[in-house]
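Enquirer:
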Amino acid sequence: MVAFSAGVLLSTGLNHMVAQSVAQSGRWAMLAVSIGFIGLYGYEKMAMVHACREAECHVHQFGRAALVGMGFHSLLDGFAIAVSFEFQKTLGFIVILAVLLHRLPTGISIATIMLSNHYRSAKAWVTLALIAILAVAGAVLGLLLPLRPYHLLSLAVGLSGGSFLYISTSDLLPMAHENNQDYRVPFFFLLGFVGILATSLLH
Numbered sequence: 001m002v003a004f005s006a007g008v009l010l011s012t013g014l015n016h017m018v019a020q021s022v023a024q025s026g027r028w029a030m031l032a033v034s035i036g037f038i039g040l041y042g043y044e045k046m047a048m049v050h051a052c053r054e055a056e057c058h059v060h061q062f063g064r065a066a067l068v069g070m071g072f073h074s075l076l077d078g079f080a081i082a083v084s085f086e087f088q089k090t091l092g093f094i095v096i097l098a099v100l101l102h103r104l105p106t107g108i109s110i111a112t113i114m115l116s117n118h119y120r121s122a123k124a125w126v127t128l129a130l131i132a133i134l135a136v137a138g139a140v141l142g143l144l145l146p147l148r149p150y151h152l153l154s155l156a157v158g159l160s161g162g163s164f165l166y167i168s169t170s171d172l173l174p175m176a177h178e179n180n181q182d183y184r185v186p187f188f189f190l191l192g193f194v195g196i197l198a199t200s201l202l203h
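Take the sequence shown: its position 86, counted from the start at 1, is 86 in the working numbering, and no numbers get skipped.
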């Protein structure tokens with residue numbers, strides 16, 4: 001499931017969001033994509049540094065920092081959905097599909113992280129609810145920002161596409177390979193990737 005989600009998310013970011021942003025905004029779109037990718041990378045690394053100043057770094061790395069990172073991902077997911085719908089309704093539905101598919105393994109990861117760090121189940125549920133609320137906040141942010149000019153919407157889609165590329169390649173794919181090393185990982189990854197690629201070719 002994680003490998004399939006990674007394929008869907010990567011293909012959505014690359015073949016829909018980045019491609020359509022580049023078609024509309026040219027080289028400026030690639031700048032937005034780069035900012036989305038590198039910005040999320042920098043944010044995650046800073047979160048890890050601040051969380052790993054105590055002795056048992058590995059506990060904090062997969063605990064507090066991971067939860068903060070997933071909350072930020074959720075905010076970006078909501079933003080991506082909003083700006084994609086504003087840009088093009090078909091793109092919005094594809095982005096929703098990609099987000100829903102990768103939210104499931106993310107939710108499982110959150111529960112695993114919290115239980116392994118001795119959180120109570122009630123606190124785990126509250127955390128999941130807060131992360132879901134962040135997605136709604138991201139969507140509201142995407143709707144409220146003055147992005148109505150088509151060119152600005154295109155750049156916002158490119159920015160979101162860059163974050164999708166980062167999440168799929170740096171978070172989901174390593175998670176998939178960590179849990180399973182056989183042929184099923186590349187198979188389901190390619191299945192998800194090619195499935196979304198086909199929708200971009202038919203569109």
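Backbone N, C-alpha and C fix where the C-beta goes; we use that ideal spot for every residue, glycine too.
Going along the chain, which residues of its own chain have a beta-carbon closer than 7 Å to the beta-carbon of I81, five neighbours each way excluded?
Expert: For I81, where only same-chain residues beyond five positions count, the Cβ hits under 7 Å are G92, V95, I96, V99, A139.
Enquirer: Grab the span of the alpha helix (DSSP H) containing L201 for me, first residue to last.
Expert: Note, L201: alpha helix (DSSP H), 184–202.
Enquirer: Distance, Cα to Cα, Y183 vs L144?
Expert: Those two C-alpha atoms are separated by around 44 Å.
Enquirer: Is it right to say H16 is buried, meaning 16 or more other beta carbons lie within 10 angstroms of its own, or is it exposed?
Expert: Label assigned to H16: buried.
Enquirer: Please report the distance separating the alpha-carbon of F188 from that of A3.
Expert: In a straight line, the C-alpha of F188 is about 6 Å away from that of A3.
Enquirer: Could you work out which residue in P174, D77, A122 is closest to L141 when comparing CA atoms only?
Expert: Per the Cα distances, D77.
Enquirer: Look at L75 and A135 and say whether their C-beta atoms are less than 8 Å apart.
Expert: Result yes, Cβ atoms of L75 and A135 sit closer than 8 Å.
Enquirer: Going by C-alpha to C-alpha distance, which of S21, V8, L202, L10 sits closest to Y150?
Expert: Per the Cα distances, S21.
Enquirer: I'd like to check one pair, M1 with L104: are the Cβ atoms closer than 8 Å?
Expert: Taking 8 Å as the Cβ cut-off, L104 and M1 qualify as a contacting pair.
Enquirer: Quick one: using the 10 Å Cβ neighbour count with 16 as the cut-off for buried, is I196 buried or exposed?
Expert: Buried.
Enquirer: For V126, which of A29, S154, G71, V33 has the nearest alpha-carbon?
Expert: Nearest C-alpha to V126: G71.
Enquirer: Please state if the CB of V157 and the CB of V68 are separated by a distance shorter than 8 Å.
Expert: No, the Cβ-Cβ distance between V68 and V157 is not below 8 Å.
Enquirer: According to DSSP, simplified to helix, strand and coil, what is R103?
Expert: The answer is helix: DSSP assigns R103 an H, G or I state.
Enquirer: Quick test of your reading: H102 and L10, contact by CB under 8 Å. State the CB separation rounded to the nearest angstrom.
Expert: Actually they do not touch by this definition, with Cβ atoms about 10 Å apart.
Enquirer: So, using beta-carbon positions, are A6 and G192 closer together than 8 Å?
Expert: Yes. Within cutoff.
Enquirer: Can you tell me whether R120 is helix, strand or coil according to DSSP?
Expert: Coil at R120, not helix or strand.
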